[in-house]
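FYI, in full-length UniProt numbering the residues of the sequence shown are 1 to 231. Think of the CB as a built atom: it goes at the ideal place given N, C-alpha and C, for glycine as much as any other residue. The structure displayed is predicted, hence computed values, not measured ones.
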Amino acid sequence: MAAAYKEAFAAVKELMQTSNKPQNVQTAINNTGSKYGKTTVQKALDELVAQNLCIYTEIGKTGKLYLWNQNLLEVLSDAQLMEVNAQINDLKAQVEKLTQQGETLRITQRNLEAAPITEVLKQEVDELRQQVSANDEKLRLVRESNAIVSDADMLTLQKNYKDAMTAWATRRAKCREVIDTLSEGMGVKPSAFMDQLGLEEGLPMTTYTEMKKALPPVNVSKADIKAALKK
């Protein structure tokens, strides 16, 4: 019996000290998990008052409201108050940072959901590779046959080549833009993100620039090709 009361007394004491809120017998019973009877809790509260750990005030004719003795609370010095305030400000900064990170992650998620899926990007790359391979094969056959290329064929090849180069540059730029945006949102380098997608860097822009310089300085139109066919 003594052990049971000792446990109840410790629970009521902890409640009064940690909550530092007014409690009557019933709220003390509720806030200690309703594990102790009314007589036991009343006895514990009265003992706390006797030990000057709690004070009480009369409520009505028979009720009492108990509170932890405020004189026993630690009074912080100015330096301690400043330290606590600094900790509060630090926690606020952390909350703000986490909130911003959460918003960034939500934006990244929306971008990922709206961006072309990996399979689409890979398919476009494969199509470009097939076009390049087909053009290389045509050039190989022409070189090996020593065939004479007509003006119309030459103009057609020049136009197709320029169109292919322009399309390649445009798609490359769009692909790079998507990759840069997604990798920035994920906090990784574009090269690392491309590795995850299984994409290769391809020809650098310097090579593309040199290839453009090697082209004849003409703008080929469909009308030019039709005119050459009539010759």
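If I measure Cβ to Cβ from N31 and keep anything under 8 angstroms in the same chain, skipping five residues before and after, which residues do I get?
L15, S19, Q23
Skipping 5 residues on each side, what residues in its chain have a beta carbon closer than 7 angstroms to that of N52?
N69
What do you reckon, are the CB atoms on C54 and Y66 nearer than 7 angstroms?
yes
Near V12, which residues of its chain fall below 8 angstroms by C-beta distance, leaving aside the five closest residues on each side in sequence?
A28, T32, Y36, V41, A44, L45, L48
Under three-state DSSP, which class holds L53?
coil
Please tell me whether G198 and T108 are closer than 7 angstroms, where the distance is taken between their beta carbons.
no
Comparing C-alpha positions only, which one of R176, K6, Q131, G63 sits nearest to residue 276?
Because the chain here runs from 1 to 231, residue 276 falls outside it and cannot be looked at.
How is G187 classed by DSSP in three states: helix, strand or coil?
coil
Could you check what DSSP says for I179 in three-state terms: helix, strand or coil?
helix
I need the DSSP call for A64, collapsed to helix, strand or coil.
Before going on, a small fix: residue 64 reads as Lys here, not Ala. For K64, the three-state secondary structure derived from DSSP is strand.
In three-state terms, what does DSSP make of E127?
helix
Under 7 angstroms, Cβ to Cβ, is there at least one residue of chain C near Q51?
The displayed structure is made up of one protein chain only, and chain C is not part of it.
Compare the C-alpha of I179 against each of Q196, M165, A4 and name the closest.
Closest by alpha carbon: Q196.
Does the separation of the CB atoms of K6 and V25 fall below 7 angstroms?
no
Just grab the DSSP bridge partners of E58 for me.
K64
Can you tell me where the alpha helix (DSSP H) with S19 in it begins and where it stops?
2-19
Between the Cα of K21 and those of Y56, A4, S34, A2, spot the shortest distance and give me the residue it belongs to.
Y56
Would L121 be called buried (16 or more neighbouring beta carbons within 10 Å of its own) or exposed?
buried
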